[in-house]
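**Student:** For reference, the structure I am asking about is given below.
Residue numbers (my numbering): 4 to 525.
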């Protein structure tokens with residue numbers, strides 16, 4: 004019996020080794036095919052980039068004294084549009100000049116009974132000119148020959164048609180210019196990505212942690228690089244963020260950075276929601292390099308979308324806000340609750356790259372845990388004052404005093420209002436053309452007591468009221484996340500009035516009236 008059992012164990016062991024060998028062969032073949040595909044894609048992207056250099060433009064290095072700077076030079080597509088615009092301008096100037104000359108030849112307005120006939124008028128003008136020349140001892144300049152009324156209106160109509168055609172042509176040139184600018188933004192982004200990839204130490208498809216095959220660079224910022232990778236264990240694509248510490252940093256600074264990253268990992272690892280990017284893994288490569296493995300999303304972030312398209316429709320913006328608020332509600336229902344604190348378009352991923360699809364929130368590097376020890380009735384202390392993206396932070400984050408300011412999930416509510424405003428109008432409500440330093444020095448957000456809505460584009464009154472509730476200056480007047488999640492504007496059963504174009508609720512209570520102080524402010 005023991006011999007039979009041992010024989011069966013040996014057979015199973017051999018079978019296991021055989022399956023392991025097959026699995027390793029499959030993994031090796033997967034790696035080979037993925038690397039081949041990635042290499043071909045890299046080659047194709049570089050060939051396309053080289054072709055676009057002539058059409059869209061390229062960077063050139065320019066020397067200024069002892070230093071060198073990069074300068075952008077537009078390609079022939081933009082140069083051709085400039086020439087077309089110059090031609091249109093020249094044609095318009097010529098037409099305007101001819102119209103002025105035509106105005107001098109406009110026949111005088113006379114009574115119908117005294118008006119000369121069309122056939123006799125040129126003859127009379129000719130006789131007057133001849134007689135005047137015979138009787139006048141001085142040589143006078145030739146006066147513009149008057150036209151008949153029919154001739155004048157005929158020529159004026161021609162000029163109007165030509166101007167209308169030029170206006171249409173100019174609109175087409177402007178539309179093409181805007182399209183080319185969007186394509187150029189993609190081209191510049193790809194040029195920078197390729198340059199960063201060529202200078203990366205991870206460009207040659209290494210396998211990290213014996214599991215993650217790096218394919219190509221997605222982006223680079225600060226002290227980190229993000230690669231599209233393939234998880235050989237789970238057989239899925241992932242985004243690997245490689246954090247590289249500056250080797251010249253003191254050990255204390257490195258330890259703090261690593262501690263901060265570990266904290267983000269611990270927070271993010273526990274989150275499980277369809278509107279939040281999943282964090283799969285975390286590991287170190289050496290003392291100065293560590294990696295986080297995130298869910299891979301094919302599309303771009305909302306920031307890039309807005310740079311390309313400026314704004315979006317209210318329906319699209321509302322859909323994005325609904326999804327953000329859904330994620331925030333989840334963050335405030337788990338124990339302990341979490342404040343994201345860094346909500347901005349750059350941290351909102353569009354899964355398929357469009358404004359009408361799903362979104363996912365990422366980057367929990369500045370998030371705050373509202374545990375019982377740190378969170379009281381009036382909120383929790385803001386211990387990291389100065390961090391974050393100032394355009395999207397509320398006034399209470401900028402208050403300086405003996406004690407640190409108190410914050411709550413209403414920080415994220417303010418951020419939602421700013422993001423919604425930016426999606427609708429293509430600009431930030433406060434400090435749009437200011438740098439972070441200017442916002443801080445000029446107390447821009449501390450002075451943001453009211454929000455001004457542009458006339459165009461037309462946005463429903465309900466959307467404006469929702470933004471006001473998010474951007475209430477006093478945090479006591481501002482909605483919290485739970486109130487925002489139940490706001491009638493975000494609930495279903497919305498219909499649009501054909502006459503006014505505004506959104507109206509059906510079967511729901513009216514939007515709650517903001518506190519009196521908010522009404523006065525706005």
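Backbone N, C-alpha and C define an ideal beta-carbon position, used for all residues, glycine too.
Since the structure is predicted, the reported quantities are computational estimates derived from the model, not experimental observations.
1) Does DSSP put residue 74 in a helix, a strand or coil?
2) With distances taken from CA atoms, which of 56, 73, 57 and 58 is nearest residue 64?
3) Roughly how many angstroms lie between the CA atoms of residue 15 and residue 234, to the nearest whole one?
4) Would the region 257-275 count as touching the region 76-83 if we require 3 or more Cβ pairs under 8 Å?
5) Between residue 279 and residue 426, how many whole angstroms is the CB-CB distance? I'm expecting something under 8 Å.
6) Starting from residue 325 and walking both ways along the alpha helix (DSSP H), at which residues does that stretch end?
7) Which runs of the alpha helix (DSSP H) fall wholly inside the region 143-205 and span at least 4 residues, in chain order?
8) Less than 8 Å between C-beta atoms, sequence neighbours within five positions excluded: which residues of the same chain meet that for residue 101?
9) Could you tell me the alpha carbon to alpha carbon distance between residue 297 and residue 170, rounded to whole angstroms?
10) Bridge partners for residue 247 per DSSP, in chain order?
11) Is the separation between the beta-carbon of residue 419 and that of residue 473 shorter than 7 Å?
12) With DSSP as the reference, label residue 539 as helix, strand or coil.
13) Can you give, in chain order, each stretch of the alpha helix (DSSP H) that sits fully within the region 263-312 and has at least 4 residues?
14) Please name the residue or residues paired with residue 445 in a DSSP beta bridge.
15) Assign residue 435 to one of two classes, buried (16 or more other C-beta atoms within 10 Å of its C-beta) or exposed (fewer than that).
16) Can you name, in chain order, every residue of its own chain whose Cβ lies under 6 Å from the Cβ of residue 87, other than the five neighbours on each side?
17) In its own chain, which residues sit with a C-beta less than 7 Å from the C-beta of residue 295, not counting the 5 before and 5 after it?
18) Are residue 362 and residue 326 touching if we call contact CB-CB under 7 Å?
19) Is the CB-CB distance between residue 248 and residue 289 below 7 Å?
20) Determine the extent of the beta strand (DSSP E) in which residue 207 is found, giving its start and end residues.
21) Would you mind reading off the limits of the beta strand (DSSP E) that contains residue 354?
22) Take the Cβ of residue 232 as the centre, count every other Cβ of all protein chains shown within 10 Å, and call the residue buried at 16 or more, exposed below.
23) Decide if residue 8 is buried, meaning its Cβ has at least 16 other Cβ atoms within 10 Å, or exposed.
24) Give me, in chain order, the residues of the same chain whose beta-carbon lies closer than 7 Å to that of residue 217; leave out the 5 immediate sequence neighbours on both sides.
25) What are the start and end residues of the beta strand (DSSP E) that includes residue 102?
26) Counting only the same chain and skipping the five closest in sequence on each side, list residues whose C-beta sits under 8 Å from that of residue 108.
27) Does DSSP put residue 218 in a helix, a strand or coil?
28) How would you call residue 478, buried or exposed, if buried means at least 16 neighbouring beta carbons within 10 angstroms?
29) Could you check whether residue 414 and residue 342 sit closer than 7 Å to each other, using their CB atoms as the reference points?
30) Nearest-angstrom Cα distance between residue 263 and residue 18?
31) Have a look at residue 441 and residue 34 and give me their C-alpha separation to the nearest angstrom.
32) Name the two residues that bound the continuous beta strand (DSSP E) containing residue 233.
33) When the distance is taken between beta carbons, is residue 303 closer than 7 Å to residue 356?
34) For residue 476, name the three-state secondary structure that DSSP assigns.
35) So, residue 330 versus residue 351, is the Cβ gap smaller than 7 Å?
**Tutor:** In brief:
1) As a first step, residue 74 is located in the chain shown; it is residue number 71 there, counting from the start. Strand at residue 74.
2) Against the chain shown, residue 64 aligns to sequence position 61. Considering only alpha carbons, the answer is 73.
3) Taking the first residue of the chain shown as 1, we reach residue 15 at position 12. Taking the first residue of the chain shown as 1, we reach residue 234 at position 231. Whole-angstrom Cα-Cα distance: 28 Å.
4) no
5) The residue you call residue 279 lines up with position 276 of the chain shown. The residue you call residue 426 lines up with position 423 of the chain shown. Not really, about 20 Å apart at Cβ, beyond 8 Å.
6) Indexing the chain shown from 1 puts residue 325 at position 322. First-last of the alpha helix (DSSP H) with residue 325: 317-336.
7) 152-201
8) As a working note, residue 101 is residue 98 in the chain shown. Counting only Cβ-Cβ distances below 8 Å, and skipping sequence neighbours, we find 162.
9) For the purposes of this step, residue 297 is taken as the residue at position 294 of the chain shown. For the purposes of this step, residue 170 is taken as the residue at position 167 of the chain shown. Using only the alpha carbons, I get a separation of about 50 Å.
10) In the chain shown, residue 247 corresponds to position 244, counting from 1. Paired residues: 292.
11) Within the chain shown, numbered from 1, the residue matching residue 419 stands at position 416. Within the chain shown, numbered from 1, the residue matching residue 473 stands at position 470. It is a contact, given that the beta carbons lie within the stated cut-off.
12) The shown model of the chain, from 4 to 525, leaves out residue 539, and the question about it has no answer.
13) 305-312
14) On the chain shown, position 442 is the one that residue 445 refers to. In the DSSP output, where bridge partners are listed per residue, residue 445 has none listed.
15) Counting from one through the chain shown, the residue named residue 435 turns up at place 432. Exposed: under 16 other Cβ atoms inside 10 Å.
16) Reading the chain shown from its first residue, position 84 is the one you call residue 87. 176.
17) Indexing the chain shown from 1 puts residue 295 at position 292. Around residue 295: 244, 268, 282 and 285.
18) For the purposes of this step, residue 362 is identified with residue 359 of the chain shown, where counting begins at 1. For the purposes of this step, residue 326 is identified with residue 323 of the chain shown, where counting begins at 1. It is a contact, given that the beta carbons lie within the stated cut-off.
19) Residue mapping note: residue 248 aligns to position 245 of the chain shown, counting from 1. Residue mapping note: residue 289 aligns to position 286 of the chain shown, counting from 1. Taking 7 Å as the Cβ cut-off, residue 248 and residue 289 do not qualify as a contacting pair.
20) As a position in the chain shown, residue 207 is number 204, starting the count at 1. Careful: residue 207 lies outside any beta strand (DSSP E) and carries neither H nor E.
21) Position 351 of the chain shown, counted from the start, is the residue given in the question as residue 354. Neither: residue 354 is in no beta strand (DSSP E) and is coded neither H nor E.
22) Residue numbering aside, residue 232 sits at position 229 when the chain shown is read from its first letter. By the 10 Å Cβ count, residue 232 comes out buried.
23) Here the question's residue 8 lines up with position 5 in the chain shown. Per the 10 Å Cβ criterion, exposed.
24) Here residue 217 corresponds to residue number 214 of the chain shown, with the count starting at 1. The residues are 205, 208, 209, 211, 230, 232 and 243.
25) In the chain shown, the residue the question calls residue 102 occupies position 99. From DSSP, residue 102 is part of no beta strand (DSSP E) but of the alpha helix (DSSP H) over 79-107.
26) What you label residue 108 is simply residue 105 of the chain shown in a count that begins at 1. Excluding sequence neighbours, residue 108 sits near 147, 148, 149, 150 and 155.
27) Here the question's residue 218 lines up with position 215 in the chain shown. DSSP places residue 218 in strand when its eight states are reduced to three.
28) Reading the chain shown from its first residue, position 475 is the one you call residue 478. Residue 478 comes out buried.
29) Counting from 1 along the chain shown, the entry for residue 342 is found at position 339. Counting from 1 along the chain shown, the entry for residue 414 is found at position 411. Yes. Within cutoff.
30) By one-based count along the chain shown, residue 263 stands at place 260. By one-based count along the chain shown, residue 18 stands at place 15. Each residue's alpha carbon lies about 46 Å from the other.
31) In the chain shown, residue 441 corresponds to position 438, counting from 1. In the chain shown, residue 34 corresponds to position 31, counting from 1. Rounded to the nearest angstrom, the two C-alpha atoms are 50 Å apart.
32) On the chain shown, position 230 is the one that residue 233 refers to. It spans 227-234 - the beta strand (DSSP E) in which residue 233 sits, taken as one unbroken run.
33) In the chain shown, residue 356 corresponds to position 353, counting from 1. In the chain shown, residue 303 corresponds to position 300, counting from 1. The answer is yes: Cβ separation under 7 Å.
34) The residue labelled residue 476 in the question sits at position 473 within the chain shown. Coil, per DSSP.
35) Within the chain shown, numbered from 1, the residue matching residue 330 stands at position 327. Within the chain shown, numbered from 1, the residue matching residue 351 stands at position 348. Result no, Cβ atoms of residue 330 and residue 351 do not sit closer than 7 Å.
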